[in-house]
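Numbering (the numbering used here) for the sequence shown: 355 to 462. All C-beta atoms, glycine included, are put in the ideal place defined by N, C-alpha and C. Only a predicted model underlies this, so the values are computations on that prediction, with no experimental measurement involved. Here's the structure, in structure tokens; my notes come after.
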Amino acid sequence: MTATIALPKVNQTASVSDFSRGKTAEIIERAQREPVFVLSRNKPTAVLIGIEEYSALQEFMEDWLDAKIAEERLDRWDGKTTISEEDVMAHLGITEADLAATPEVEIE
Numbered sequence: 355m356t357a358t359i360a361l362p363k364v365n366q367t368a369s370v371s372d373f374s375r376g377k378t379a380e381i382i383e384r385a386q387r388e389p390v391f392v393l394s395r396n397k398p399t400a401v402l403i404g405i406e407e408y409s410a411l412q413e414f415m416e417d418w419l420d421a422k423i424a425e426e427r428l429d430r431w432d433g434k435t436t437i438s439e440e441d442v443m444a445h446l447g448i449t450e451a452d453l454a455a456t457p458e459v460e461i462e
């Protein structure tokens, strides 16, 4: 898969040599606010992002992959074959008592 990216703005870049010039802390601080494109020989070679952005991207990718798997399974489903709730619970080793003892969770 080939991806293309828009060229970053000048203030969104840092050169590899900036890291050896003692600017690492400044670059990392900037990456907490916006992606920083790391350039080597004036070509983007990496992107530095903050942990919150990374976590959000990971969660997005996991959700996207889950949706893709679900879509593929629906495409293969014959519309007739199903598994009962009781069979699923037995397979997972869950009892009605387990369900009753589970605290209510509010989903936003």
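Within the DSSP bridge table, the entry for residue 398 names 393 as partners. Between the alpha carbons of residue 457 and residue 391 lies a gap of roughly 45 Å. By alpha-carbon distance to residue 439, the top candidate from 377, 448 and 418 is 448. Residue burial is scored here from C-beta neighbours: residue 385 has at least 16 other C-beta atoms within 10 angstroms and is therefore classed as buried.
The three-state secondary structure of residue 378, taken from DSSP, is helix. Non-local beta-carbon contacts of residue 389 in its own chain, meaning distances under 6 Å to residues more than five positions away in sequence, involve 401 and 403 in chain order. DSSP places residue 438 outside any beta strand (DSSP E), giving it a letter other than H or E.
In the DSSP assignment, residue 412 falls within the unbroken alpha helix (DSSP H) covering 405–430. Inclusion of residue 393 and residue 409 in the CB contact set at 8 Å is not warranted, their separation being larger than that value.
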